[in-house]
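Have a look at the structure below before the remarks.
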């Protein structure tokens, strides 16, 4: 999804986030991808448009945006945090081979609920479902690999 500067300003103001050129560029880059990039990925991408941006600014901004509810951190089985600009209710497919994360939109998964007995008094306010497996590319690579002898 591509956001124009006015959309970004509106979202930032709605969430009480101060609008700066660099913050807007970071948010636009994240909202414009479904690849769930790392902070380092975003830094490299945004640096092309904002050459004076620092890594610290990217990390700090991601924290501000996460706290405001404009982005979410997806850190599932990865050594570093990955970020998602899509904060609507959705779930993920996670490749155990290449670490790719793909969105899953499924109303049935959105309606999952725990019984009172299973919740054990815990007040559930949300959930995320993660499917772990191997993407088509990694499965093909495994299929093409010669059999291991042991």
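In this note's numbering, the protein residues as written are 16 to 165. Ideal placement from N, C-alpha and C gives every residue a C-beta, glycine not left out.
- Following the DSSP letters along the chain, one finds residue 81 inside the alpha helix (DSSP H) bounded by residues 70 to 83.
- Secondary structure within the segment 91 to 122: not one fully enclosed alpha helix (DSSP H) run of 4 or more consecutive residues is present.
- Contact check for residue 129 against residue 119 fails: the beta carbons are separated by 8 Å or more.
- Annotation: the continuous alpha helix (DSSP H) that includes residue 158 extends over 151 to 159.
- DSSP places residue 87 in the uninterrupted beta strand (DSSP E) bounded by 87 to 89.
- Taking the Cβ atoms as the reference, residue 96 lies roughly 15 Å from residue 48, outside the contact range of under 8 Å.
- Contact annotation, residue 61 with residue 44: C-beta distance approximately 5 Å; criterion of less than 8 Å satisfied.
- Membership of residue 148 in the beta strand (DSSP E) is indicated by the continuous run 145 to 148.
- Per DSSP, residue 22 is one residue of the alpha helix (DSSP H) stretching across 20 to 29.
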